[in-house]
Amino acid sequence: MLQQKVKELFASQLEQWPMARRNFDDLNSVQVAEVRFDACRMPVTFNAGRIRSTAAKVDKKTIAERRCFLCGENRPAEQEGIEYGRYTILINPFPIFKNHLTIPDSSHTDQMMNAERMGEMLDLAHDLSDWAIFYNGPKCGASAPDHFHFQAGDRGVMPVEEEIKKADKVLYKSDKLTVKTIDNYVRKVVILEGKERDVLTAAVEQVMKAVGEVVVREPEPMVNIITVWDENEWRVAVFPRREHRPSQFFLEDEAAKIVFSPGAVDFGGILILPRKEDFDRLQVEKETIADMFGQLSFTDEQFAELTDKIAKFSL
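Here the sequence shown stands for residues 1289 to 1603, where the numbers follow our numbering.
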């Protein structure tokens, strides 16, 4: 069983790889404070080990000049993995979760979502049902936008997993698919539920196409995606975006600057902050959290245009 093999991989890697073991041990000292909004909760975390990912330069020049850390020949000698189709399942040595995985393609190919990739994401969620599988678009939190990969974290940790179960605003419904959203959710989200792989794959592809029609971005529509297999069906949360990082990230005034570069986990409800000063500030400034997500998510008008398109689906 794949899940058992992955758990055995964790045990052996943490025994044989001192750097990874230290970083996973450091999760025990991550500070957490919870901020509550009307329709959701958001744990704010101080995790200094994530500075490498959060502050990563992902411009074309920087990417072209560095060695890809997801390519097999460039990985640490201690890092081992499990083959899964065209992917390799690895432990993530810079973790957010107690059982954090990175799942790169075995070939060096761009981070671009399509129907085939989405189907494979659903397969992973089914076969690793103790994990939530997530995807960061190339300009939506992926620190390796030049190498396709998924990530996975322990089920039940991201607040979005429970919150989407309660979503009751239906955008589209057929006998094989339900599409919903949540009002007043701080960030915009499209939730897809169903039991049939091909139907969900086609539906997510249509959602991404619609996202790209509302807000045109290259190289692909800006989204973060979280997928779980739960109660004998898939649930997929798609977060449509219009920007990569909030204005606070770029401020030169250190007192005003916030090092916040959200990916799927942040949109899933866990704010990852690598600086203590930002952690101290945001746990009491919920309006700043809302402002930053507001800069990155679709506006109300853009989301209304998107949901109008979804209502006209034929699946």
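Where is the CB? At the ideal position from N, CA and C, for every residue including glycine.
Element boundaries [beta strand (DSSP E), containing residue i]
i, result
"I1514", "V1511 to D1518"
"K1468", "T1466 to T1469"
"E1481", "V1478 to G1482"
"I1421", "W1419 to N1424"
Where residue i falls, given that 16 or more other Cβ within 10 Å makes a residue buried
i, result
"S1300", "exposed"
"T1350", "exposed"
"D1566", "buried"
"P1306", "exposed"
"Q1494", "buried"
"G1444", "exposed"
"F1385", "buried"
"A1308", "buried"
"P1507", "exposed"
"K1476", "buried"
"S1549", "buried"
"R1354", "exposed"
"V1294", "buried"
"V1448", "buried"
Per DSSP, cross-strand counterpart(s) of residue i
i, result
"R1533", "DSSP, once it has assigned bridges, lists no residue as partnering R1533."
"D1393", "Y1375"
"S1333", "A quick correction: the sequence has Thr, not Ser, at residue 1333. According to DSSP, which records beta bridges pairwise, T1333 is partnered with V1320 and I1560."
"P1528", "V1511"
"Y1460", "V1467"
"A1352", "In the DSSP output, where bridge partners are listed per residue, A1352 has none listed."
"F1438", "I1391"
"E1521", "D1518"
"I1370", "I1377"
Residue range of the unbroken alpha helix (DSSP H) whose run includes residue i
i, result
"I1489", "It should be noted that the sequence gives Thr, not Ile, for residue 1489. From DSSP, the alpha helix (DSSP H) with T1489 extends over R1485 to V1502."
"S1300", "L1290 to Q1304"
"T1257", "This structure cannot settle anything about residue 1257, because the visible part of the chain is limited to 1289 through 1603."
"I1598", "D1588 to A1599"
"A1365", "Neither: A1365 is in no alpha helix (DSSP H) and is coded neither H nor E."
"G1407", "A1403 to D1415"
"V1553", "A1552 to F1555"
"V1346", "From DSSP, V1346 is part of no alpha helix (DSSP H); its letter is neither H nor E."
"E1450", "V1448 to E1451"
Residues near residue i in its chain [Cβ-Cβ closer than 7 Å; skip 5 each side]
i, result
"A1498", "L1594, K1597 and I1598"
"K1564", "F1334"
"N1311", "G1337, P1381, F1382 and P1383"
"M1496", "M1401, P1509 and V1511"
"D1671", "The chain is shown from 1289 up to 1603; residue 1671 falls before or after that span and cannot be answered."
Neighbourhood of residue i by C-beta distance below 6 Å, restricted to the same chain and skipping five residues each side
i, result
"I1479", "I1452, A1455, K1468 and A1525"
"P1331", "V1320, E1322 and I1558"
"L1290", "D1415"
"C1428", "M1510, N1512 and R1529"
"V1346", "P1433"
Own chain partners of residue i with C-beta closer than 8 Å, once the 5 adjacent residues on each side are dropped
i, result
"N1380", "H1388, L1389, T1390 and Q1439"
Residue i Cβ short of 6 Å to the ligand FMN heavy atom set
i, result
"N1335", "Although the ligand FMN was asked about, the structure shown includes no ligands whatsoever."
Can you find at least 3 beta carbon pairs, one from the region 1483–1498 and one from the region 1577–1586, that sit closer than 8 Å? no
contact_flag[the region 1412–1427, the region 1354–1369] where n(CB pairs < 8 Å) is 3 or more: no
Pair every Cβ in the region 1323–1331 with every Cβ in the region 1467–1478, then say whether three or more of these pairs are closer than 8 Å. yes
Pair every Cβ in the region 1389–1407 with every Cβ in the region 1368–1377, then say whether three or more of these pairs are closer than 8 Å. yes
Counting pairs of Cβ atoms below 8 Å between the region 1516–1523 and the region 1423–1442, do you hit three or more? no
Could you say if the region 1308–1325 and the region 1402–1409 meet the contact criterion of at least three C-beta pairs nearer than 8 Å? no
Counting pairs of Cβ atoms below 8 Å between the region 1550–1562 and the region 1504–1513, do you hit three or more? yes
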